[in-house]
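Participant: Mind looking over this structure? Questions follow.
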Ligand SMILES: Cc1ncc(C[n+]2csc(CCOP(=O)(O)OP(=O)(O)O)c2C)c(N)n1
Ligand SMILES: Cc1ncc(C[n+]2csc(CCOP(=O)(O)OP(=O)(O)O)c2C)c(N)n1
Ligand SMILES: [Mg+2]
Ligand SMILES: [Mg+2]
């Protein structure tokens, strides 16, 4: 116990990091992977791909071919940067917007369409079979991610769990419980807080008095960082460092990525009810895709021809996915029962037959 | 958005404060109320009273006259200091151990006995009718305290809600949710974290990696302080300041009081299973009652005669409360039904009569 | 008097009560400037100010706990949970405190408040947005659970709920929010809670149901009327405590009972109704009580949701099987 | 073979399975060096190490969520919730995820785990320590809910629960923890879940019950046997899914059914049993099904708890009233 009358028990600092400015100019030394032109181009491609898919999904919803859909417009750098930082063996826990990360990990556009099209088969991730599906109950993915990290620790594996959470999500107790536990056990867990300024109509200033969301990690006694989440270089760099530290036993960390939800909350939302168009326009000036494109072009790693090709590839891929999605018949009613338990109880068998009968009569 | 590559987004400090050392010697300038001999004596009396009652309660449990009981031994300074800092108009939310605070606010020993004796009438606080009863589900008192603070804010009152929470309680999401909300709205809420080092058998180091519990407040963007919770002067001082700031619109704060649970967790617990007797002995050397007594005697505000009188008064009061408690017949079975709703549903009437019938036959 | 939808009626009840009782305060996620994701609280913040209509942080446990603290302090909170599927984080506050505060303090502290939330499926919403969890709440003594099925009943029952001296869970069937328009007088008149509403009189079979299933049930009743079967349709409306008198009277008259609800069958409110009726009116029953309910599986994502939710065809078959023996 | 208590049998089952399945990991509040507040996990940390027997921070939602993450990763968690009254903060994880993970991922991710917890009252415990909340869990499709009533059944059912490919909620009746000693062979033999146990054969009336109420019920059966009434007592044991075959067979034989449970009556598991039996065996019933249950009020603090919990006298009266008509 400290013995002097007035002293300081603890001191903390939340560092801030960025690599590129809003126009794509380097504002300091770049991470070494910036020498890897292939990686830079891949990240750019994935961001463009996510944005193109996103626009199509919104469009499908508007024309009645998809359910409610949460756009990722403006957040592509955070999502793709995290994907690029992860190892395939790591395990991903998302909320619902992070298609850039899912794409990077090999999830088909088709699956994403199925999920938002009201079909559970949208969670069948062939190439990242341990990743969790989208998690709609806000914050609830966090303790599960801590559990996955604990499994890795118990088995002594060099892997990491990565969990996204939104600015709104940081108000849920489950978020704090999980990062606190991760700290107490030094779990291999990296939490990326996507601060896109809004939780539906509630601005982050109303969500919390904390001047940064990164500082929430201080409550858990774990290191944290605030970064420019529209700068894919700093996302890839800082998340990569955090993952590597976690995998090698260095414990968890929290990264707050500052970005902006340019779109409505979902296709059911009308953001003009609660925020100004000026604010959205300002956000456009800082958005991540053009920024990275400028940087790549300045370094002569990208040009109009490449852009042209990419656009065509994206649109071909998207069209193919949409065609496949629209051609997919809905599941049989059996699917409601077949996956509930390994061995469904006898009573369910009767209900299964009943459902099948009514489906047949409905045609 | 910050523009330089590596900078600092935020800095924090957790101050530590104490007035008396473990032997009761001042270790710096004392608060001005230290001139108020009456107040000092009252706080001492209340701490002794709490300790004497506590010992009796444990004894009653051992002899089968009381249910499971959670001793407050060693934590009297935190509990009494908070009581002394509060205005009668403030509203108190406790966990289950804080009898020193309840006593200060006018709750009878008799009520405390009734409650731990398995009788709901133990929550009838005549002199602080807005205070909440003990709250057993750990952490759940916190959002309620925020709600009470919000009511005060809505009505523009100069009052404050004060909520205790344990070190274990800081792991529950409800704790974070409440302080975060209090910060976001600048609510008149003071939260006192009683860090008594243990949550049953789990030491605080296993509960969290945070080096102080006060720093949990940084997550909520609100000021926090760590204090010596066995020093009633610093408890009274810092909690008083926090309450006054909150009442006058200055917003919430968190105070971590460092103390020690000298007793078993409850009478059902055997702490020797999980901690050393050396640790407990060390805690005895820092315990709060002797410490304040020494300080008072050094200032000639207390002597053996006063101690003698106090002991007698306490034991008289305790004996009277115990007699009244033991003489209290159990509630009629009607009580199970009469308080459920303002107007109990018809179906309950039948059950009420049924319960009465069986009680009669049981005799 | 204007023809309004259920969600407008709910909004109107809020406004009436806020106008007449200054202690009423609205809180929840997005209830302020956005007026709630279904617009149930639209315009209230503009009219009554940001103190009386407050957006909360995103934490349902916090919302419920805050409402308890407010209520115990004499404010009348009307709190919104954005969808019933998100009630779980609030259950500790609801069950351990809200339902018990009066009882555990022997009446010293009380908890008059309303917790409103959208209920059920059928609007092609995302995962976790279509749950029917009334049984969880009804099982807890100390709570009232109310579920209106028309604009007028929504208006009158919400007023009653806000004025009730005990906590009321107010379930709003999502697919009825804008289903019909009805004349609703804005007269501040509450409807009785703890009472069923007979929606259709009949003599051959009693059908009890609530919420959005009243619509499917009335359709089925209409359909089978063509075959000469006369159904009495009862909207239970108050799911806890239930007005068994009305239900039993009807069963005594018809001798047959069908229960229809959207929630999965096992341990649901329909089980309690079946158990109580068969206990108290066994000899009046001409055949077994039947239940047409959601299946005992997870509410599916939306492409199959109408294969899950009882359809008029299933209800008609339910009626037939009730009459078969 | 040693005569052991139920809590010792539970401990023994843990040890057997941890010994034979290295993926089994125990977690919860105070389960480590302290061995749990009831000593169910005593000695396990010493024997299997602090990695396989872990104290968690004080957060039930965290415990349940962590268990899900572990299970999906191939660890077999056996997690303890210290008392059933503290399950509420875990319900979001249980209902929104644990019960659904297999279904929502079409079988890609599964959730084989056990969540153990003390159940019910009768030991003069403090507030919130005596709850019987099985109905909340049984209502959720995708969960198994098991409640043993003897040391041997606790041993065999816990082994079955740990080995089950789906999440199992394992309810341990507190007042049976040390109620009797029984020979239990430590042979790693699991008992079937999804099956009732017939504790006493009889011909006049079927009584179904579970957990600690089996003791009161057997007492009542014994008592009334002196009057020549022959009771068949069935321990439901698996509360979800329920083995209705055994129950219905018995009801067909006796023609009468009494349901006994400690939880409040409204919307409880007893309601489902009554509803299902009266639906499927109406014409075999010679009189109304009766329920003897906890009252529809909050479990009182301990001085009145035995006025709340069904007593043998109440059960005897319940039997009589079942036979009366
Ligand atoms: C537990 C819970 N409560 C409420 C909701 C409804 N809801 C869906 S998204 C959302 C806002 C989320 O905001 P944030 O965490 O910042 O994520 P963002 O949408 O900005 O990506 C709300 C309130 C929910 N899905 N889960
Ligand atoms: C939600 C909940 N979970 C578990 C318990 C059981 N329990 C009672 S006290 C306690 C430890 C509390 O520790 P702490 O918050 O440090 O308070 P202290 O007992 O040290 O005063 C536990 C786990 C509980 N009462 N509530
Ligand atoms: Mg957001
Ligand atoms: Mg403690």
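Protein chains in written order, with my numbering: chain U, 288 to 650; chain S, 288 to 650; chain F, -1 to 323; chain Y, -1 to 323. Note that the Cβ used here is the ideal one computed from N, Cα and C, for glycine as well.
1. Starting from the C-beta of residue 222 (chain Y), find all residues in its chain whose C-beta is less than 6 Å away, skip the five residues before and the five after it, and write them out in chain order.
2. If the cut-off is 9 Å on Cβ atoms, which residues from the stretch 242 to 273 of chain F count as contacting chain Y, listed in chain order?
3. Measuring only between beta-carbons, confirm whether residue 236 (chain Y) sits less than 8 Å from chain F.
4. Check the Cβ-Cβ distances between residue 434 (chain U) and every residue of chain Y, and say whether any is below 8 Å.
5. Which class does residue 495 (chain S) belong to by DSSP, given the choice of helix, strand or coil?
6. Near residue 314 (chain U), what residues of its chain come up, given a Cβ to Cβ distance below 8 Å and the 5 sequence neighbours on each side ignored?
7. Taking C-alpha atoms, which residue in Y:237, Y:44, Y:210 lies nearest to residue 140 (chain Y)?
8. In three-state DSSP terms, what is residue 634 (chain U)?
9. Should residue 295 (chain S) be flagged as near chain U, meaning a C-beta pair shorter than 8 Å?
10. In terms of DSSP beta bridges, what is residue 303 (chain U) paired with?
11. Is residue 9 (chain Y) helix, strand or coil when you go by DSSP?
12. In chain order, what residues of the same chain have a beta carbon less than 6 Å from the beta carbon of residue 323 (chain Y), not counting five sequence neighbours either side?
13. From the beta carbon of residue 100 (chain F), is the nearest beta carbon of chain S less than 8 Å away?
14. For the alpha helix (DSSP H) containing residue 238 (chain Y), list its first residue and its last residue.
15. So does residue 424 (chain S) have its beta carbon nearer than 7 Å to some heavy atom of ligand 2?
16. At a cut-off of 7 Å, would you count residue 318 (chain Y) as near ligand 4, judging by its Cβ distance to the nearest heavy atom?
17. Quick check on residue 39 (chain F) - is its C-beta less than 8 Å from some C-beta in chain S?
18. Express the C-alpha separation of residue 456 (chain U) and residue 134 (chain Y) in angstroms, rounding to a whole number.
19. For residue 433 (chain S) and residue 624 (chain S), what's the separation of their Cα atoms in angstroms?
20. Would you mind working out which of Y:153, Y:86, Y:121, Y:160 sits nearest residue 19 (chain Y), comparing C-alpha positions?
21. Examine chain U for any beta-carbon lying closer than 8 Å to the beta-carbon of residue 288 (chain S), and answer yes or no.
22. Just by C-beta distance, which residues in the stretch 23 to 52 of chain Y are closer than 9 Å to chain U?
23. Do residue 125 (chain F) and residue 299 (chain F) count as a contact pair if the criterion is CB distance below 8 Å?
24. Any Cβ of chain U within less than 8 Å of the Cβ of residue 175 (chain F)?
25. Using a Cβ cut-off of 8 Å (strictly closer), state whether residue 396 (chain S) contacts chain Y.
26. Considering only C-alpha positions, which residue in the set Y:301, Y:71, Y:258, Y:262 is nearest to residue 311 (chain Y)?
27. Just the chain F side, please: which residues come within less than 8 Å of residue 183 (chain Y) by C-beta, in chain order?
28. Which residue marks the beginning of the beta strand (DSSP E) containing residue 25 (chain F), and which one marks its end?
29. Can you say whether residue 61 (chain F) is buried or exposed, counting buried as having 16 or more other CB atoms within 10 angstroms of its CB?
30. Going by beta carbon distance, what residues of the same chain come within less than 6 Å of residue 465 (chain S), once the five residues before and after it are set aside?
31. What do you get for residue 403 (chain U), buried or exposed, if any count of 16 or more other CB atoms within 10 angstroms of its CB means buried?
32. For the alpha helix (DSSP H) holding residue 600 (chain S), just list the boundary residues, first then last.
33. With a cut-off of 8 Å, does the C-beta of residue 380 (chain S) fall near any C-beta of chain U?
34. Using the beta-carbon count (16 or more within 10 Å), is residue 651 (chain U) buried or exposed?
35. Just mark residue 630 (chain U) as buried or exposed, buried being the case when its beta carbon has 16 or more other beta carbons within 10 Å.
Facilitator: So, from the listed chains and residues:
1. 314, 317
2. 257, 261, 262, 263, 264, 265, 266, 267, 268, 269, 270, 271, 272, 273
3. no
4. yes
5. coil
6. 305, 306, 307, 308
7. Y:237
8. helix
9. yes
10. U:513, S:294
11. helix
12. 285
13. yes
14. Run containing residue 238 (chain Y): none in the alpha helix (DSSP H); it sits in the beta strand (DSSP E), 236 to 238.
15. yes
16. no
17. no
18. 26 Å
19. 30 Å
20. Y:160
21. Because residue 288 (chain S) carries a pLDDT of 41, less than 50, the predicted location of this residue cannot be relied on, and the following value inherits that uncertainty. It does: the Cβ of residue 288 (chain S) has a partner Cβ on chain U nearer than 8 Å.
22. 23, 25, 49, 50, 52
23. yes
24. no
25. no
26. Y:258
27. Residues of chain F passing the Cβ test: none, with the nearest at roughly 34 Å.
28. 22 to 26
29. buried
30. 429, 430, 433
31. buried
32. 591 to 614
33. no
34. Chain U is shown only over 288 to 650; residue 651 (chain U) falls outside these bounds and no answer can be derived.
35. exposed
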